[in-house]
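Student: One structure follows; several queries about it will come next.
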Amino acid sequence: MKPAPFAYDDPRGLDETLDLLARHGEDAKVLAGGQSLLPLLNFRLARPTRLVDVNRVDELAYLRRRGGNLRIGALTRAATLERSPLVAAEWPLLREAVRLVGHPQIRSRGTVGGSVAHADPAAELPAVLAALESRFHLRSRRGGRTLGPEELFVTHLTTALAPDELLVEIEVPPLPSRAGTAFVEYARVHGDFALGGAAAVVVLGEDGTCERAVVTLVAAAPTPVRAREAEEALAGGSLTEEGIRAAADLAAAEVDVPEAERPYRRALVSELTRRALERAVTRAREAA
Amino acid sequence: MSRPVAVTINGRRYHADVEARTLLSDFIRHVAGLTGTKVGCEHGVCGACTVQLDEEPVRSCLMLAVQADGRTVRTVEALARGDELHPLQAAFSEAHALQCGFCTPGFLMSLDAFLRERPDPDEGEIREALAGNLCRCTGYTAMVEAVLLAAERLRPAPR
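Structure (structure tokens):
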């Protein structure tokens, strides 16, 4: 099918974009890479009366390191993230996950900011950005604010972004030395939406025990949820096979999906979390 | 509300006033008259409408024509030179990698971009590269063979 008619603006700068959102926010939808929005428009599942297309706001397309942090402009394409030598070397979790986003034909257009703002709980990037404890910078004519993942992601396809606000940058802190990360997901067909996934960050202390761990889950709950009980169980421990298995079961308790799917999803999340943790621990030990 | 749009497709500029909601796939087929690009699912799953935008493979049904204003698009019509098939097309034909042919232009435009980035792919990489397009006739085994064949012919001969 074809989209219903809409008014269309394609601002060339951030100021102009924020003006448009201040004026039309309630009626307008921001169009970034379009790889989720265009299907909704084509099927007329979404019928916004106005699109504010940010694809020509070049100042939002960048990937750079400043003060040790990775700064990802919201309009950065998934393909740019995938090809970045800096990301591959310093934030390998992002690279591991972004290669599983759709297909090359999707990653060429899809943006990091778009994936975050769309907030699909089955999406890879929100979960890994949450695992890396990223900060999300929002701007509007009223000013700016910065949110953490648990403040930003509210529920299915819903963020804390106000109608006049734009996600402008994602800031990812550096990984400590002696850290290992891994992302694992399961989809029925390569490139399909994941039925489940887990991101793990493990930081070792000088004695080789677990200083801290972060686990986030994909497609397990209405948001990219953090498995805090699993994290607490791992912290201070020696990361044995049994310890990891027990933590993975704790992560599975976070699964919040309709009852009919729950037993399968719990088993899946437990196994994927176990694999992600095993891999992250191996990599942390190699790095140490 | 119409807007003037100019897109360079296969080296030629096409101008038209189009509605903002006009998809790039429809601009290519209806304005430029280049019907090699096929429209299948219209929601980015089947890959039949894949073209290259500034050399990168994209789903033309997931872009608005106005977004391609001033940009360069390549479609399947750009592959052959006159009657001489592109090495990928020749390999598809020889390896029986198509039956009805509806999905073929999308596969070819995905694979042409893929081989530019990975001139010497292994079978696993080829299977991954094929995953973004659907074929309902042949299955994919013959396509893997065709890509291996085309890659071999496209690589410069060793000295």
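In order, the protein sequences belong to chains R and Y. Mapping the first sequence onto my numbering, position 61 (from 1) lands on 61, and the numbers just tick up by one. So the number in my numbering is just where the residue sits in the second sequence, counting from 1, plus 1000. Idealized CB from N, CA, C, for every residue including glycine.
#1: Is the beta carbon of Ala1065 of chain Y sitting closer than 8 angstroms to the one on Leu1108 of chain Y?
#2: Run through the DSSP bridge pairs and tell me what Val172 of chain R is partnered with.
#3: Could you work out which residue in Y:Glu1056, Y:Leu1034 and Y:His1096 is closest to Val1147 of chain Y when comparing CA atoms only?
#4: Look up Cys210 of chain R in the DSSP assignment and give the residues it is bridged to.
#5: Nearest CA to the CA of Pro222 of chain R: which residue from R:Lys29, R:Glu254 and R:Ala233?
#6: Would Thr76 of chain R and Val112 of chain R qualify as a contact pair, given that the criterion is a beta-carbon distance under 8 angstroms?
#7: Report whether the distance from the Cβ of Ser115 of chain R to the nearest heavy atom of the ligand SAM is below 7 angstroms.
#8: When you compare the stretch 146-162 of chain R with the stretch 59-69 of chain R, are there three or more beta-carbon pairs, one atom per stretch, that lie closer than 8 angstroms?
#9: Is it true that the CB of Ala235 of chain R sits closer than 8 angstroms to the CB of Ala199 of chain R?
#10: Please classify Thr240 of chain R: does DSSP put it in a helix, a strand, or coil?
#11: For His156 of chain R, count neighbouring C-beta atoms within 10 Å of its own C-beta (all shown protein chains included) and say buried if the count is 16 or more, exposed if not.
#12: Can you tell me where the alpha helix (DSSP H) holding Leu86 of chain R begins and where it ends?
#13: What's the gap between the Cα of Gln105 of chain R and the Cα of Val1045 of chain Y?
#14: How would you write the range of the alpha helix (DSSP H) that Tyr264 of chain R sits in, first residue to last?
#15: Where do the ends of the beta strand (DSSP E) carrying Gln1089 of chain Y lie?
#16: Measuring CB to CB, does Arg95 of chain R end up less than 8 angstroms from Ala88 of chain R?
#17: What residues are listed by DSSP as bridge partners for Tyr8 of chain R?
#18: Check the C-beta distance from Val52 of chain R over to Leu31 of chain R and give it rounded, since I have them as a contact under 8 angstroms.
#19: If you reduce the DSSP assignment to three classes, tell me which class His103 of chain R lands in.
#20: Contact between the stretch 140-152 of chain R and the stretch 241-249 of chain R: three or more CB pairs below 8 angstroms?
#21: In or out: Pro224 of chain R buried (at least 16 other Cβ within 10 Å) or exposed?
#22: Would you give the residue range spanned by the alpha helix (DSSP H) that Pro39 of chain R belongs to?
#23: Rounded to whole angstroms, what's the CA-CA distance from Leu1111 of chain Y to Pro39 of chain R? Just pull it up for me.
#24: Where DSSP assigns a beta bridge to Ile1009 of chain Y, which residues make up the other side?
#25: Three or more C-beta pairs closer than 8 angstroms, one from the stretch 1068-1076 of chain Y and one from the stretch 1005-1023 of chain Y: is that the case here?
#26: Report the three-state DSSP secondary structure of Ser108 of chain R (helix, strand or coil).
#27: I want to verify the contact list: residues of chain Y whose CB lies under 7 angstroms from the CB of His190 of chain R, in sequence order.
#28: List, in chain order, every chain R residue whose beta-carbon is nearer than 8 angstroms to that of Pro1164 of chain Y.
#29: Should His1043 of chain Y be flagged as near chain R, meaning a C-beta pair shorter than 8 angstroms?
#30: How big is the Cα-Cα spacing for Ala187 of chain R and Val101 of chain R?
#31: Tell me whether Pro258 of chain R is buried or exposed, calling it buried when 16 or more other Cβ atoms sit within 10 Å of its Cβ.
#32: So Leu18 of chain R packs on Leu166 of chain R, CB below 8 angstroms; how close in whole Å?
#33: Would you say Ser1093 of chain Y reaches chain R, if we count a Cβ-Cβ gap shorter than 8 angstroms as a contact?
#34: I think Asp27 of chain R touches Arg50 of chain R, with their Cβ atoms under 8 angstroms apart; what is that distance to the nearest whole Å?
#35: What residue range is occupied by the uninterrupted alpha helix (DSSP H) comprising Gly144 of chain R?
#36: Roughly how many whole angstroms lie between the Cα atoms of Ala79 of chain R and Glu169 of chain R?
Tutor: Straight from the coordinates:
#1: Cβ atoms of Ala1065 of chain Y and Leu1108 of chain Y: not closer than 8 angstroms.
#2: Answer is R:Leu70.
#3: Looking at the Cα atoms, Y:His1096 is the closest of the given residues.
#4: In the DSSP assignment, Cys210 of chain R forms a beta bridge with R:Leu204.
#5: The shortest C-alpha separation from Pro222 of chain R is found at R:Glu254.
#6: Annotated as proximal: Thr76 of chain R and Val112 of chain R, with beta-carbon spacing under 8 angstroms.
#7: The model on display carries no ligand, and the ligand SAM is accordingly not part of it.
#8: No contact exists between the stretch 146-162 of chain R and the stretch 59-69 of chain R.
#9: With respect to Ala235 of chain R, Ala199 of chain R sits apart: the two C-beta atoms are not nearer than 8 angstroms.
#10: Collapsing the DSSP output to three states places Thr240 of chain R in coil.
#11: With fewer than 16 other Cβ atoms within 10 Å, it is exposed.
#12: Note, Leu86 of chain R: alpha helix (DSSP H), Pro85 to Glu90.
#13: Separation of Gln105 of chain R and Val1045 of chain Y (C-alpha to C-alpha, rounded to the nearest whole angstrom) is 10 angstroms.
#14: Per DSSP, the continuous alpha helix (DSSP H) segment holding Tyr264 of chain R begins and ends at Arg262 to Ala287.
#15: Per DSSP, Gln1089 of chain Y lies in no beta strand (DSSP E) segment; the continuous alpha helix (DSSP H) that holds it begins and ends at Pro1087 to Glu1094.
#16: Result yes, Cβ atoms of Arg95 of chain R and Ala88 of chain R sit closer than 8 angstroms.
#17: Looking at the DSSP assignment, Tyr8 of chain R forms a beta bridge with R:Leu51.
#18: That pair is a contact at about 7 angstroms.
#19: In the structure shown, His103 of chain R falls within a coil segment according to DSSP collapsed to helix, strand and coil.
#20: Using a C-beta cut-off of 8 angstroms, the stretch 140-152 of chain R makes no contact with the stretch 241-249 of chain R, since fewer than three inter-stretch Cβ pairs fall below that distance.
#21: Burial check for Pro224 of chain R: the Cβ neighbour count within 10 Å reaches 16 or more, so the residue is buried.
#22: Boundaries of the alpha helix (DSSP H) around Pro39 of chain R: Leu37 to Asn42.
#23: Leu1111 of chain Y and Pro39 of chain R: Cα-Cα distance of roughly 23 angstroms.
#24: Ile1009 of chain Y is bridged to Y:Arg1012 and Y:Val1073.
#25: The stretch 1068-1076 of chain Y makes contact with the stretch 1005-1023 of chain Y: 3 or more CB pairs, one atom from each, lie closer than 8 angstroms.
#26: In this structure, Ser108 of chain R counts as coil in the three-state DSSP scheme.
#27: Simply Glu1128 and Ala1131.
#28: No answer is possible for residue 1164 of chain Y: it lies beyond the span of chain Y, which begins at 1001 and ends at 1159.
#29: His1043 of chain Y counts as touching chain R.
#30: Taking the straight line from one Cα to the other gives about 11 angstroms.
#31: The residue in question, Pro258 of chain R, is exposed, as its Cβ has fewer than 16 Cβ neighbours within 10 Å.
#32: Between Leu166 of chain R and Leu18 of chain R the Cβ distance is about 6 angstroms, and since that is below 8 angstroms, they are a contact.
#33: For Ser1093 of chain Y, the answer is no, since every Cβ of chain R falls outside 8 angstroms of its Cβ.
#34: That pair is a contact at about 5 angstroms.
#35: From DSSP, Gly144 of chain R is part of no alpha helix (DSSP H) but of the beta strand (DSSP E) over Gly143 to Leu147.
#36: In a straight line, the C-alpha of Ala79 of chain R is about 17 angstroms away from that of Glu169 of chain R.
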